[in-house]
Amino acid sequence: MTGLPDAAIATQLAPPAERRRRGPGDRPLRRFIGLVVPPIVLFIVLVLLVELVVVAAGIPPFVLASPSAIWGQLVQYAPQVLQATLVTGLNALIGLVIGAVIGVLLAIVASFIRAIDGMLVPIVAAVAVVPIVALAPVLYTMFGSTSEVARIIIASIAAFVPVFLNTLRGLRQVRPVHRDLMRSYAATPRQETRAVTIPSALPHFFTGLRIASSLAVISALVAEYFGGPRQGLGSAITTAAASSAYARAWAFVIGAILLGLVFFALTTVIERIASRHR
Amino acid sequence: MSTSAPQPSAAATGPTPPADATEAVVVRGVERVFTGAKGATVTALTGIELTVHDGEFVSLIGPSGCGKSTLLRLIADLDEPTAGDIRVFGRTARQARIDQAYGIAFQQAGLLPWRSVAANIELPLQLHGVGASARRARVAELVELVGLSDFAKHYPDQLSGGMQQRVAIARSLAESPRLLLMDEPFGALDEMTRERMQTELLRIRAETGAAVVFVTHSIPEAVYLSDRVVVMSPRPGRITDEIDVRLGEAAERGEDLREDTAFFEGVTAVREALHGPQASSAGAARGVDVR
Amino acid sequence: MSTSAPQPSAAATGPTPPADATEAVVVRGVERVFTGAKGATVTALTGIELTVHDGEFVSLIGPSGCGKSTLLRLIADLDEPTAGDIRVFGRTARQARIDQAYGIAFQQAGLLPWRSVAANIELPLQLHGVGASARRARVAELVELVGLSDFAKHYPDQLSGGMQQRVAIARSLAESPRLLLMDEPFGALDEMTRERMQTELLRIRAETGAAVVFVTHSIPEAVYLSDRVVVMSPRPGRITDEIDVRLGEAAERGEDLREDTAFFEGVTAVREALHGPQASSAGAARGVDVR
Amino acid sequence: MTTTTPATRRARRWRAVLWGVLGLVALAAVWELYKLVGPADGWLIGAREGVTGSGIRLLPRTSDQAMPHTWEMLARAATPVTRAPGALPLGVVVLLAALVSLGIAALGWLVGVVVGFALALLMLGFRIAERAVLPFVILSQTVPLIALAPLIRNWGSRLEFGAFSWESWMSVVIIASYLAFFPVAVGALRGLQSPEAADLDLMRSYAAGWWTTLFRLRLPASVPFLIPALRLAAANAVVGTVVAEISVGFSGGIGRLILETAVAASSDPAKPWSPILGAVLLGLVAAGFVALLAAFLSPFRRQETAA
Amino acid sequence: TSGGTDTDDATDGGDGELTPVTLQLQWLTQAQFGGYYLAQANGYWEDLGLDVEIIPGAVDIVPQDVLAAGDVDFAIAWVPKALASIEAGANITNIAQIFERSGTLQVAWADSGIEGPADLSNKQVGSWGFGNEWELFAGLTEANASGYTIVQQNFDMNALLNREIDAAQAMTYNEYAQLLEAVNPETGELYQPEDFSVIDWNEVGTSMLQDAIWANTERLESDEEYADTAVKLIQGAILGWIDQRDDPQAAADAVTAAGSTLGTSHQLWMANEINKLIWPSTDGIGHINEIAWDATVEMALGTKNQDGAQVITTDPPDTAYTNEYVDQALENLEADGVDILGADYEPIEVTLEEGGN
Ligand SMILES: Nc1ncnc2c1ncn2[C@@H]1O[C@H](COP(=O)(O)OP(=O)(O)OP(=O)(O)O)[C@@H](O)[C@H]1O
Ligand SMILES: Nc1ncnc2c1ncn2[C@@H]1O[C@H](COP(=O)(O)OP(=O)(O)OP(=O)(O)O)[C@@H](O)[C@H]1O
Ligand SMILES: [Mg+2]
Ligand SMILES: [Mg+2]
């Protein structure tokens, strides 16, 4: 109905559907192995393949760094990679929290007041398509380029959209039978919100949060290209790439990938716990 | 034709004043007209007159769209009549809702999936400020009553459909209402589970002595359970007949009753009230049912 | 105990060789064992012996999980037996499927929502390369047969549940199969619509003369429709009884049959075959049904 | 069922548009209001005496440089880009650039859709592929583009045969498609897997093969999942195009304009806002196109409204 | 325009078959590269038989790597950055050092008391990164500055104007102009040069060589035609640069025509400032001064950035630069009587307008 509401949801993997497909006696360990082994095998194959190609074809390091070179750099620069990952990760985390809080608050307001909902439609649709690169310089001017605020705001803008849309949808998906039930109990609006509305919306909120987590990480990182203190992964990657140290750049990229993975995994686990009994 | 005066079969119920508190439900001249999007109106109910005595089990039966659910929702004050008056134990429907004079169950069990069986059953108690220990005691009684003592800590998604319905019934009984409103509570169950649930409902009802208004599509179900079957017809929704089918004391009705001649007679009576005296054959059955 | 030899009631059917093409379905010593994730096995069916004669209407009835659907899926070659042999019109089940020897319908109508009623019905014809004009003609016949001529251009979401089921039945009849397989086709319908659909099915079946294997939970349904009711019991799934209930020529069975004594007798016979001779009362009914 | 007549639907759409416009006006009003009442240098906490740039600014500055008036943004868009004779108004330049970027984004979207769909089919066909590939499809989106830009550029330039030679816009297309393929792959996979077991049994009972089942059942069934995926892919393609124009270089598009006008942020602060708003417009137009496409596919979306 | 250049010395020009050449710039189209755009606009390369395609840079484009990877024929890059790439394995050669002087400044407020690199201690120091920061680090290292914080600088100068940083990196021809195009809210007028204090690395002595034309070493050695093209490319480019010297407005117009949207006065300022980096030329435009080269290499070896990374750790190979081609081009031009020194070059006065417009 709005610009991109179902988009964010429908395109994400739905753990429940996945779950239902499994046979009854599937043991967790087996499932874990089934889930983890194929990608790892593929990963190893890919790494070996790239290494082989780089070595065999003599591809120079400024075109494609070999996995072994990247590993070497990763080991050498481990403290810096860790430090940069922490800086960017913290920005992403704070941004995620702020974006999620604003998203939930606005969703609650929008679910109560139709007019606000209608007014937010174009704004949210616009926010959903605005390229971060366009916004970053402006935000640095507004909030200053010596603190992390602008980056946090960029991360929170990116996180806001999916959280808002999913939460709003969740708030609207209270089942009529539950509404009737609450009315038959003569429950106050507050009781109804507490007992039914919020628990119904919670899994949707967590789905939004999971999508937002990846966006927050990548946004916080990209925002570093355009200004601010030079401590995070984004700055490190640009600096390394600009001096043709691509292996070092990729070492930081691996930090970025791991960061994204951690955020995604954590929010997925939270989501699964939240929608366990459904 | 529409307002054929009901002929209550139980004794001593003349046209008493509506405020008679000894009647569980008194519906007088109720009409409910829905207004559609572009001003089109649907008369869901018209000229409804119905009295349910205290402790009586009344089934509402009729084809889809005849207004059974609407009537039940009006009694429960989940919706309001456009005309007429509804009294529940002598109070207005609204007051009765606020006083928690009834318990209600729907076709969908409507359990809160994030609450355990026990937490679902205690929900109404919690909302009305009953203390934790009192709640615990009551929940223990209720799970016992519906035979789910071992499942109190389970979550709805771990239960079968029949078990979920039993939880919903336990929940509707939580505040020991003198009136139970049930809208096709067994509609989603398979037939064998359904028969078991019916027998259970009779037992529970016998133990609690509550009046029941029960919506159903199933003739055998209505006959098996009820003291009285109210037959409705659609367009506009109205009551066309009432049939007294009391088969025996609720507590004593067992499975074997289903094979009893009285039972089959009751079924035939309701069937004829529904379809008209000559059971319609293929031709009529082909009538189109648009939702 | 498990393989209690079936006693077919229709004449002239001794233990004929399986390849007898005059029988619609011959199931011999079939077993189906499912293997779970960690090697645990579930014996869904064991020692199944069943013969369905050409033109015969056989219902499978039994509690949930007794393997009714599994047996039907084996006959349809949607699944394969771990032991035993299945013949459909003398061919292997697989060959019968490829030859489109049967039509099938499920509990959920399973219509494709993006296709109109006509397009849904013609789907199997289209898949098997029937020309457009031949398809059109056949579809016209079929919508007429199920009484939906006015709805050919409608979409499934514009139809009631009963109408959707009629479309699904029309679809299963599209290629004029001599065998119809139906897995609780009316399970999702309300009881009144269901009764109408049953009458319709009898009429259609009389017109087409096809053999039917019909899975149901409902005793009255099985009795009303069938020539023979096959009663199954679970853990492991097996056939425990077969009851001949032929109430009369299909075409002549009308609604009034439901109020016939023979019908009630059939119901009682099947109920007893299912539950044992003494109808169980409250105590047993309280048994827990875990999914 | 509630039936909606065309008239009521049209009325509802107009009301939505009205609210949308009101929303934008409200946003502008909030901007101006804050600019009016907000502290000129924002709200800074934790600043240490004598240390430049210390502290954290929780509220933005309201200076004209940081927050130009909304009408100044509009006025700037109406005046020519430069004083050079014949220079077009900035707004027109932005629109022209947006058009160029739209073309590239459309190509990137198309490539992304094709690749995403191919991956989805692969994952559909081979369960092992789904298990092995899907995590990487998700991971791929956490790789910062900057790490890939040189690779794409370089490998592209190696493709040279006959009259074909690699152009910089092709790199932009590839990068746009890199962002676009992700939602399509995930959404299409879920859509193709959406038919219920009973539907698949039905096709099997018709002795229909894998491809027949794909075309007659899985593809139509995937449409409701595909539409939002395509919409997200369109937004991603636009973002990817803008980023790639800035990153690997391509003249003529909106990304390049963003980069070029960024240097005016100190001295002509309203100027950079034009291409920013142009980029937003571009994203909305792209989403609009998908909505149009969705309208064409509406016969396959009946189950959505029915559900 | 410079006299007599468009006459004859086109060796194989005119007979239609132009050699296609690609030239990778290190940033967007602007007057920093005016000479190349003029060479193209005025047909100097065409006269020499070259069809040159000028490819503008972008944020993530590293011209010397693009060149080394074989994606383009020639590239414009700063020397320290190219040295880093050479150490990373890029096989490239500096064939013409167009800019003789460095255009990089570190700008602070006049009242900040920052006069030299030593004053940057304990300050917030802006820098762009992307390899543009080595002169700054060389200066800081040499002055033994400490305790400073490096801040990633944006494309604009707002961080300095808002006093978030104490000193900002600026090119004389670009960012410095941005400061002078901005309105001082206190006076309502544009900022004046007196408002700022400027550290010029040329004066400090840590300037490094900037824009140079780079070629592929291997092809220079093995491909005679490529070597020939290199000479022609330099020769045509020099003619363009001479045009820019003589008429900065023409250069500004040429880049605007090529699609730059920078303000008109800003563009002219840039053309003029670029001229100052080239002219007057000591040994003839493009000739690589060995002393300046060695100084750059030495600083590249001795300087570390805030991560402790060095530009290079070992001396670059001899192939890193050669005067062979530029000298030949200069010879050809001198033969035509072209002024390759610009000894009497005088910059013009440019008035910056608000917003550079
Ligand atoms: N909220 C509503 N708005 C408009 N019309 C309504 C509404 N609720 C019910 N109706 C209409 O009122 C009539 C009676 O509906 P109701 O749900 O009471 O029937 P029912 O007897 O319960 O049917 P079923 O057996 O299918 O549950 C129907 O024609 C229905 O379309
Ligand atoms: N694919 C399968 N994998 C493992 N076990 C299965 C599978 N399909 C069915 N079963 C098991 O086989 C048994 C019979 O199942 P089936 O679905 O045939 O029962 P049914 O009689 O049709 O039940 P219902 O009346 O509930 O439809 C059950 O115990 C079920 O758990
Ligand atoms: Mg109802
Ligand atoms: Mg089944």
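Chains as they are written, first to last, in the working numbering: chain A, 1 to 278; chain B, 1001 to 1291; chain C, 2001 to 2291; chain D, 3001 to 3307; chain E, 4001 to 4357.
Where is the CB? At the ideal position from N, CA and C, for every residue including glycine.
Neighbour list for GLY34/A in chain H, Cβ cutoff strictly below 8 Å: Included in the structure are the protein chains A, B, C, D and E, with no chain H among them.
Cβ contact check for the region 3199-3215 of chain D and the region 3131-3139 of chain D: 3 or more pairs under 8 Å: no
Proximity of ALA4237/E and TYR4036/E at Cβ, strictly below 8 Å: Here residue 4237/E refers to the residue found at position 237 of the fifth sequence. Here residue 4036/E refers to the residue found at position 36 of the fifth sequence. Going by C-beta atoms, ALA4237/E is nearer than 8 Å to TYR4036/E.
Closest by C-alpha distance to ARG3061/D, when choosing among LEU3024/D, LEU3219/D and TRP3031/D: Counted from its first residue, the fourth sequence places residue 3061/D at position 61. Comparing Cα-Cα distances from ARG3061/D to each of LEU3024/D, LEU3219/D and TRP3031/D, the minimum goes to TRP3031/D.
Collapsed DSSP secondary structure at ALA4258/E in the structure displayed: For this step, residue 4258/E is matched to residue 258 along the fifth sequence. Of the three classes helix, strand and coil, the one that applies to ALA4258/E here is coil, per DSSP.
Cβ pair count under 8 Å reaching 3, the region 1057-1071 of chain B against the region 2188-2196 of chain C: yes
Burial state of ASN4144/E, where buried means 16 or more other Cβ atoms lie within 10 Å: In the fifth sequence, residue 4144/E corresponds to position 144, counting from 1. So ASN4144/E counts as exposed.
Distance between ALA4227/E and PHE3250/D (C-alpha atoms, nearest Å): For the purposes of this step, residue 3250/D is identified with residue 250 of the fourth sequence, where counting begins at 1. For the purposes of this step, residue 4227/E is identified with residue 227 of the fifth sequence, where counting begins at 1. Rounded to the nearest angstrom, the two C-alpha atoms are 29 Å apart.
Close-in-space but distant-in-sequence residues of the same chain around ALA236/A (CB under 6 Å, 5 per side omitted): Counted from its first residue, the first sequence places residue 236/A at position 236. Correct list, in chain order: ALA84 and PHE252.
Test: LYS4232/E CB closer than 8 Å to a CB of chain D: As a first step, residue 4232/E must be located in the fifth sequence, where it is residue number 232. So no, LYS4232/E is outside the interface.
ARG2301/C to VAL2270/C span [Cα, whole Å]: Since the first and last residues shown for chain C are 2001 and 2291, residue 2301/C lies out of range.
Span separating the alpha-carbon of GLN2108/C from that of GLN2198/C: Translated into the one-based positions of the third sequence, residue 2108/C becomes position 108. Translated into the one-based positions of the third sequence, residue 2198/C becomes position 198. So the two alpha carbons sit approximately 16 Å from each other.
PHE1034/B CB to nearest heavy atom of ligand 1 below 7 Å: Start at 1 with the first residue of the second sequence, and residue 1034/B comes out as number 34. Within the cutoff, so yes.
is_contact[ALA289/A, chain D] using C-beta, thresh 8 Å: With chain A represented from 1 up to 278, any question about residue 289/A goes unanswered, as that position is not in the structure.
Start and end residues, alpha helix (DSSP H) containing PHE4033/E: Position 33 of the fifth sequence holds residue 4033/E. From DSSP, PHE4033/E is part of no alpha helix (DSSP H); its letter is neither H nor E.
Contact check, VAL2030/C vs LEU2078/C, beta carbons under 8 Å: Here residue 2030/C refers to the residue found at position 30 of the third sequence. Here residue 2078/C refers to the residue found at position 78 of the third sequence. No. Outside cutoff.
Beta strand (DSSP E) segment containing GLU4354/E, residue limits: As a working note, residue 4354/E is residue 354 in the fifth sequence. Neither: GLU4354/E is in no beta strand (DSSP E) and is coded neither H nor E.
Neighbour flag for LYS4276/E against chain A, beta carbons, 8 Å: Within the fifth sequence, numbered from 1, the residue matching residue 4276/E stands at position 276. Judged by the 8 Å Cβ criterion, LYS4276/E is not in contact with chain A.
For TRP3043/D: DSSP bridge partner residues: Start at 1 with the first residue of the fourth sequence, and residue 3043/D comes out as number 43. Beta-bridge pairing links TRP3043/D to LEU3059/D.
6 Å CB neighbourhood of ALA3149/D in its chain, flanking five on each side removed: The sequence position of residue 3149/D within the fourth sequence is 149, counting from 1. SER3247 and VAL3248.
PHE4099/E versus TYR4321/E - alpha carbon distance: On the fifth sequence, position 99 is the one that residue 4099/E refers to. On the fifth sequence, position 321 is the one that residue 4321/E refers to. When rounded, the distance between both Cα atoms is 15 Å.
Neighbouring residues (CB closer than 5 Å to any heavy atom of ligand 2): For ligand 2, the residues with a Cβ under 5 Å from any of its heavy atoms are, in chain order, PHE2034/C, VAL2042/C, ALA2044/C, SER2064/C, GLY2065/C, CYS2066/C, GLY2067/C, LYS2068/C, SER2069/C and THR2070/C.
ASP2183/C beta carbon near ligand 4 (any heavy atom closer than 7 Å): Here residue 2183/C refers to the residue found at position 183 when the third sequence is read from its first residue. Checking every heavy atom of ligand 4 against the Cβ of ASP2183/C, one is found closer than 7 Å.
Beta carbon of VAL1025/B nearer than 8 Å to that of LEU1050/B: Walking along the second sequence from the start, residue 1025/B turns up at place 25. Walking along the second sequence from the start, residue 1050/B turns up at place 50. Yes.
ALA84/A (DSSP reduced to helix, strand or coil): As a first step, residue 84/A is located in the first sequence; it is residue number 84 there, counting from the start. Of the three classes helix, strand and coil, the one that applies to ALA84/A here is helix, per DSSP.
Buried or exposed by the 16-neighbour rule on C-beta atoms within 10 Å, applied to PHE32/A: Here residue 32/A is taken as the residue at index 32 of the first sequence, counted from 1. Exposed, since its Cβ has fewer than 16 Cβ neighbours within 10 Å.
Ligand 5 heavy atom lying under 7 Å from the CB of GLY1237/B: No copy of ligand 5 appears in this structure; the ligands present are ligand 1, ligand 2, ligand 3 and ligand 4.
MET4270/E, DSSP secondary structure in three states: Along the fifth sequence, read from residue 1 onward, the residue named residue 4270/E stands at position 270. Residue state, collapsed to three classes: helix.
Validate contact between the region 3205-3224 of chain D and the region 3255-3274 of chain D using beta carbons, cut 8 Å, 3 pairs: No contact exists between the region 3205-3224 of chain D and the region 3255-3274 of chain D.
Closest Cα partner of PRO1234/B within the set ALA1040/B, VAL1027/B, GLY1162/B and ILE1048/B: Translated into the one-based positions of the second sequence, residue 1234/B becomes position 234. Comparing Cα-Cα distances from PRO1234/B to each of ALA1040/B, VAL1027/B, GLY1162/B and ILE1048/B, the minimum goes to ILE1048/B.
Chain A contact residues for GLY4089/E, given Cβ-Cβ distances below 9 Å: Reading the fifth sequence from its first residue, position 89 is the one you call residue 4089/E. The answer, in chain order, is PRO60, PRO61, PHE62 and SER244.
Cross-chain neighbours of VAL4151/E in chain A, by beta carbon under 9 Å: Counting from one through the fifth sequence, the residue named residue 4151/E turns up at place 151. Ordered by position in chain A, the residues that pass the 9 Å Cβ test against VAL4151/E are SER145, THR146, GLY227, GLY228, PRO229 and ARG230.
9 Å Cβ cut-off: residues of chain E touching THR3241/D: For the purposes of this step, residue 3241/D is taken as residue 241 along the fourth sequence, with counting starting at 1. The contacting residues do not exist; THR3241/D stays about 13 Å from chain E at best.
Residues of the region 3197-3214 of chain D whose Cβ lies closer than 9 Å to any Cβ of chain A, in chain order: none
Pair within 8 Å by beta-carbon distance, TYR4173/E and GLN4024/E: Taking the first residue of the fifth sequence as 1, we reach residue 4173/E at position 173. Taking the first residue of the fifth sequence as 1, we reach residue 4024/E at position 24. No, they are not a contact pair.
Cβ neighbour criterion (16 or more within 10 Å) applied to HIS2217/C: One-based indexing of the third sequence puts residue 2217/C at position 217. Label assigned to HIS2217/C: buried.
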